[in-house]
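Asker:
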Amino acid sequence: MCYAGLRSLLQGLRFSAKYYSKHNPPQTLCPNSKIKPKECRILDWSESTCAHRTAPPGSTLPCRFFSCKEGTKVPSKRKRNTSTVTSDLLHKNLLKSEQENWNDISPTYKAMTKRIKEKLEELHNIYTLNSGSPRMRFGENVYFEENGCIFLAKPDEVDEGNADILFSIEDLGFSDAFIQRIRISPDQRYMAISLKSENSEEATCIIMKLGNFPVVEKVIPSVFSFEWAANDVLYYTTQKNLKCQNVFMTTFTYHKHTKLVYTEQDARFFVDLYCTKDRRFLTINSNSKTTSEVWLVDCRHPFESPALVQARTTGVIYHIEHRKEQLYILTTYGEPAEYKAILTDNYIHRMNLDTYCRSYRNSKLMKAPVASSGRENWQLVYALEKKTKLVDFEMFSDDCIMFLKNAGHLYLNVISFVSHSVQSIQLPTWACEFELESHPEHTTSTCYFQLSSPVHPPKRFAYSFKENNLIEQAVQEVPIITNCHTTRLLAKSKDETLVPITVFHNKNSKELHRRPLLVHVYGAYGIDLNMSFKEEKLMLIEEGWILAYCHVRGGGEQGLSWHRDGCQLNKLKGLHDLRACITLLHKLGFSQPKHTALAAASAGGVLAGALCNTDPALIRAMVLQAPFVDVLNTMMKTHLPLTTEEQEEWGNPLEDEKCMKYIKSYCPYQNIKPQCYPSVFITAYENDERIPLTGILQYVQKLRKAALDHASRTSKKGNWIPSIILDVQANGSHCDSSWEHSLNE
Numbered sequence: 001m002c003y004a005g006l007r008s009l010l011q012g013l014r015f016s017a018k019y020y021s022k023h024n025p026p027q028t029l030c031p032n033s034k035i036k037p038k039e040c041r042i043l044d045w046s047e048s049t050c051a052h053r054t055a056p057p058g059s060t061l062p063c064r065f066f067s068c069k070e071g072t073k074v075p076s077k078r079k080r081n082t083s084t085v086t087s088d089l090l091h092k093n094l095l096k097s098e099q100e101n102w103n104d105i106s107p108t109y110k111a112m113t114k115r116i117k118e119k120l121e122e123l124h125n126i127y128t129l130n131s132g133s134p135r136m137r138f139g140e141n142v143y144f145e146e147n148g149c150i151f152l153a154k155p156d157e158v159d160e161g162n163a164d165i166l167f168s169i170e171d172l173g174f175s176d177a178f179i180q181r182i183r184i185s186p187d188q189r190y191m192a193i194s195l196k197s198e199n200s201e202e203a204t205c206i207i208m209k210l211g212n213f214p215v216v217e218k219v220i221p222s223v224f225s226f227e228w229a230a231n232d233v234l235y236y237t238t239q240k241n242l243k244c245q246n247v248f249m250t251t252f253t254y255h256k257h258t259k260l261v262y263t264e265q266d267a268r269f270f271v272d273l274y275c276t277k278d279r280r281f282l283t284i285n286s287n288s289k290t291t292s293e294v295w296l297v298d299c300r301h302p303f304e305s306p307a308l309v310q311a312r313t314t315g316v317i318y319h320i321e322h323r324k325e326q327l328y329i330l331t332t333y334g335e336p337a338e339y340k341a342i343l344t345d346n347y348i349h350r351m352n353l354d355t356y357c358r359s360y361r362n363s364k365l366m367k368a369p370v371a372s373s374g375r376e377n378w379q380l381v382y383a384l385e386k387k388t389k390l391v392d393f394e395m396f397s398d399d400c401i402m403f404l405k406n407a408g409h410l411y412l413n414v415i416s417f418v419s420h421s422v423q424s425i426q427l428p429t430w431a432c433e434f435e436l437e438s439h440p441e442h443t444t445s446t447c448y449f450q451l452s453s454p455v456h457p458p459k460r461f462a463y464s465f466k467e468n469n470l471i472e473q474a475v476q477e478v479p480i481i482t483n484c485h486t487t488r489l490l491a492k493s494k495d496e497t498l499v500p501i502t503v504f505h506n507k508n509s510k511e512l513h514r515r516p517l518l519v520h521v522y523g524a525y526g527i528d529l530n531m532s533f534k535e536e537k538l539m540l541i542e543e544g545w546i547l548a549y550c551h552v553r554g555g556g557e558q559g560l561s562w563h564r565d566g567c568q569l570n571k572l573k574g575l576h577d578l579r580a581c582i583t584l585l586h587k588l589g590f591s592q593p594k595h596t597a598l599a600a601a602s603a604g605g606v607l608a609g610a611l612c613n614t615d616p617a618l619i620r621a622m623v624l625q626a627p628f629v630d631v632l633n634t635m636m637k638t639h640l641p642l643t644t645e646e647q648e649e650w651g652n653p654l655e656d657e658k659c660m661k662y663i664k665s666y667c668p669y670q671n672i673k674p675q676c677y678p679s680v681f682i683t684a685y686e687n688d689e690r691i692p693l694t695g696i697l698q699y700v701q702k703l704r705k706a707a708l709d710h711a712s713r714t715s716k717k718g719n720w721i722p723s724i725i726l727d728v729q730a731n732g733s734h735c736d737s738s739w740e741h742s743l744n745e
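So for the sequence shown, the UniProt record's numbering puts the first residue at 1; every next one is plus one.
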């Protein structure tokens, strides 16, 4: 494909957002840099035999491809009914009104914005730019991504800057896209990359043929996950309307072809791909929120049909690894059932994350022979303690390593298959999040990962299986955070349940009861609060703020039961937990209501908005990002892409009157009433496919009216009218935003 042809194709795939790199903003290479760019040519497809295809090269034609014969009349679009037109007009009027309101208010914060922006840029340059990026070790080579480029280097040359550029977004003319996923073929001849823009839920997969002159071999649109089954055989899933249900196989050598391998018929299930660590099997994983099913593709025979491991059973979730003709199975089967494999909200949940990850709610590791993998042959290998969450899991040739969370603390368990022993290693007390680096070779003797917290930039660690110890990989350029204190508390909820809280504050802060407090909450889908490093959190700590993270029920911090106790007809327990957490913080002298703000994103807006209605006096301000605030009306609309899947989280109000009444009892929009509300700042995205903008617009209008009604009815001394502000952004989506976008926000 010629350069212009590829550019036109990618532009047609909606790469229209600003350049993204979460921890690495755009920067030009220093003239004296040791990094050497490699020449990159674009493969010329001008002689392709596919001259008559109507789809661009690299795309996959749908199974049913319709066309109109010559002379056939194309039916015109039906006239829209009056109610639809009226609804659209109301939406446009509300949007215009809020945009005008924002344009009037935003200049008020100009000076504050300038100061904050300069401080955040300073922190970003100090901490994030120097913290490095995760590395993928593959034999004698190391692959890593920085600033929209993918580099190749030898292990001992990475830190010296001696690396070759294999791929560059800028070279293709697309600084508006970011690299989401990288997969290297087993023989390292091919590299598959997914590119994504902020404005789109879908990614595009670009396959590069590596060598002295890397070339673009193929471009596949609307791809979610992909894995190499063999040196030249790639399996991938396609995404449409936030659903992922088809698996395709494509080859790149003599007999190039693409074919459909698997289709999921149940709309509640979402399909993704994963390769076992030893690359013996590629797994096709079909998951709902409560049930899963796995099919195996033998990588030695990638063209054979997939084989079923265990037919789906309601309530049983499992994930597969492989070692020496044995399948190792993480599962919820049996008691206690505390493991669950999930996808990020970018794909099946209303959550604000950007990449796919696996997350587990602890339980047991079992095994079964490959030849007889049915559940009746599963044997217990290891079971976790109660209320211990398995965050991630990695299999090696003679060991497996489990990253665990218990009572807010991170630690790892190393299980030796040789000595049949388990060693537990406590990780630093400040650590709240970790990122496991890619280890394509299961025979490696070292496991690399990064630890971080909201106020601690990522630090690299290594665990040596041979030495049996943990090593911190020091980075001289990154200053060590020493002035921040981490405290872990337990709040007693309405039903006596103890709810964990993680608190950060400056060690030098005096009179904490006078300091401003920012409380964070999520509590949905069994997903933990996002506690990764953010420059703005560190800035707040330096300016004397207290940060509190409330791990309420509905989230996944303490296992599957913690999630179940906070979903469907238990959703109010999460609200009770949040109230108890804030009350305890104030009781212990961490700020006071008039200095307290509450922050939430996406589905976290349900509990935050509910507390705003029931206990407005507990907080002075609330900050919401793309919030889910109209649960009842949204769950009544089955035409929306996620409603059917979400019934396992919120219930089905269309068929269950009890469920409808219960949702109505806590739904933020339904329970707005005239009272003294805190000030509210909401960010929403005009093209958000997950949270309907109309619901947010109506919520803001209703909330503002209630606050004004209350102010007009009361003449109490000191009565005030809260600021209720909505910033509707034309660009951006429900996914994690770029550094530039985040900075502006």
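Even glycine gets a Cβ: it sits at the ideal position worked out from N, Cα and C.
Quick check: what's the CA-CA separation for asparagine 413 versus glutamine 379?
Answerer: 20 Å
Asker: Which same chain residues, not among the five before or five after alanine 368, have their C-beta less than 6 Å away from its C-beta?
Answerer: Leu327, Asn377, Trp378
Asker: Is valine 631 near isoleucine 682, with beta carbons less than 7 Å apart?
Answerer: no
Asker: Compute the Euclidean distance between the alpha carbons of leucine 588 and isoleucine 169, then round it to the nearest angstrom.
Answerer: 51 Å
Asker: List, from N- to C-terminal side, the beta strand (DSSP E) runs of 3 residues or more that fit wholly inside the region 306-332.
Answerer: 307-310, 318-323, 326-331
Asker: Buried or exposed: which applies to valine 519, given that a residue is buried once 16 or more other Cβ atoms fall within 10 Å of its Cβ?
Answerer: Result: buried.
Asker: Give me, in chain order, the residues of the same chain whose beta-carbon lies closer than 6 Å to that of arginine 300; leave out the 5 immediate sequence neighbours on both sides.
Answerer: none
Asker: From arginine 690 to cysteine 400, what distance separates their C-alpha atoms?
Answerer: 37 Å
Asker: Straight-line CA distance for valine 219 to isoleucine 105?
Answerer: Cα to Cα, the separation comes out at about 45 Å.
Asker: So, with DSSP's three-state summary, where would you put valine 629?
Answerer: coil
Asker: Specify, as a first and last residue, the run of the beta strand (DSSP E) that isoleucine 682 falls within.
Answerer: Run containing isoleucine 682: 679-685, per the beta strand (DSSP E) assignment.
Asker: What is the rounded straight-line gap between the Cα of leucine 538 and the Cα of asparagine 246?
Answerer: 43 Å
Asker: Find the nearest neighbour of phenylalanine 504 within the set Leu517, Leu498, Tyr333, Ser493, judged by alpha-carbon distance.
Answerer: Minimum Cα distance to phenylalanine 504 is reached at Leu517.
Asker: For the candidate residues Leu611, Ile329, Met208, Ser424, whose alpha-carbon lies nearest to that of tyrosine 190?
Answerer: Taking each of Leu611, Ile329, Met208, Ser424 in turn and checking the Cα distance to tyrosine 190, the smallest one comes out for Met208.
Asker: Do you know how far the Cα of alanine 203 is from the Cα of aspartate 354?
Answerer: For aspartate 354, the predicted structure reports a pLDDT of 28, less than 50, and the residue's modelled location is therefore unreliable. The matter cannot be settled from this model.
Asker: For proline 500, count neighbouring C-beta atoms within 10 Å of its own C-beta (all shown protein chains included) and say buried if the count is 16 or more, exposed if not.
Answerer: buried
Asker: Does the separation of the CB atoms of leucine 585 and alanine 548 fall below 7 Å?
Answerer: yes
Asker: Let me check one thing: in DSSP terms, what residues is tryptophan 228 bridge-paired to?
Answerer: Leu234
Asker: CB-CB under 6 Å to histidine 124, same chain, minus the five flanking residues each way: which ones, in chain order?
Answerer: Glu535
Asker: Could you tell me the alpha carbon to alpha carbon distance between leucine 572 and tryptophan 650, rounded to whole angstroms?
Answerer: 11 Å
Asker: For a quick check, are the C-beta atoms of asparagine 406 and threonine 388 less than 7 Å apart?
Answerer: yes
Asker: Please go through the same chain and pick out, in chain order, the residues whose beta-carbon is closer than 6 Å to the beta-carbon of cysteine 447, but skip the five residues on each side of it.
Answerer: Ile401, Tyr463
Asker: Taking the alpha carbon of asparagine 147 as the point to measure from, which residue in Asn162, Phe138, Ile179 has its own alpha carbon closest?
Answerer: Ile179
Asker: On a Cα-Cα basis, can you pick out the residue from Ser222, Ile182, Asp187 that is closest to glutamate 140?
Answerer: For glutamate 140, the nearest C-alpha among the options comes from Asp187.
Asker: Which parts of the region 372-435 are runs of the beta strand (DSSP E), unbroken and 3 residues or longer, counting only runs that do not cross its ends?
Answerer: 379-383, 388-395, 399-406, 409-416, 421-426
Asker: For threonine 331, which residues of its own chain have a beta-carbon under 8 Å away from its beta-carbon, when the five flanking residues on both sides are left out?
Answerer: Val316, Ile317, Tyr318, His319, Tyr339, Ser363, Lys364, Met366, Trp378
Asker: Using CA coordinates, which residue listed in Ala153, Leu95, Tyr525 is at the minimum distance from glutamine 558?
Answerer: The option with the nearest alpha carbon to glutamine 558 is Tyr525.
Asker: Can you name, in chain order, every residue of its own chain whose Cβ lies under 6 Å from the Cβ of cysteine 275, other than the five neighbours on each side?
Answerer: Glu227, Leu282
Asker: What separation, rounded to the nearest whole angstrom, lies between the Cα atoms of glycine 605 and phenylalanine 465?
Answerer: 43 Å
Asker: Could you tell me the alpha carbon to alpha carbon distance between threonine 313 and glutamate 542, rounded to whole angstroms?
Answerer: 51 Å
Asker: On the CB-based measure, 16 or more other CB atoms within 10 Å of its CB, does valine 297 come out buried or exposed?
Answerer: Result: buried.
Asker: Counting only runs of 4+ residues fully inside the region 543-578, write out the alpha helix (DSSP H) ranges in chain order.
Answerer: 560-564
Asker: In the DSSP output, which residue or residues are listed as bridge partners for leucine 282?
Answerer: Cys275, Val297
Asker: So does lysine 209 have its beta carbon nearer than 6 Å to some heavy atom of the ligand SAM?
Answerer: The ligand SAM is absent from the structure shown, which contains no ligands of any kind.
Asker: Give me the residue from Tyr254, Gln239, Arg280 with the minimum Cα distance to phenylalanine 269.
Answerer: Gln239
Asker: What number of angstroms, rounded off, separates the C-alpha of arginine 460 from the C-alpha of threonine 444?
Answerer: 17 Å
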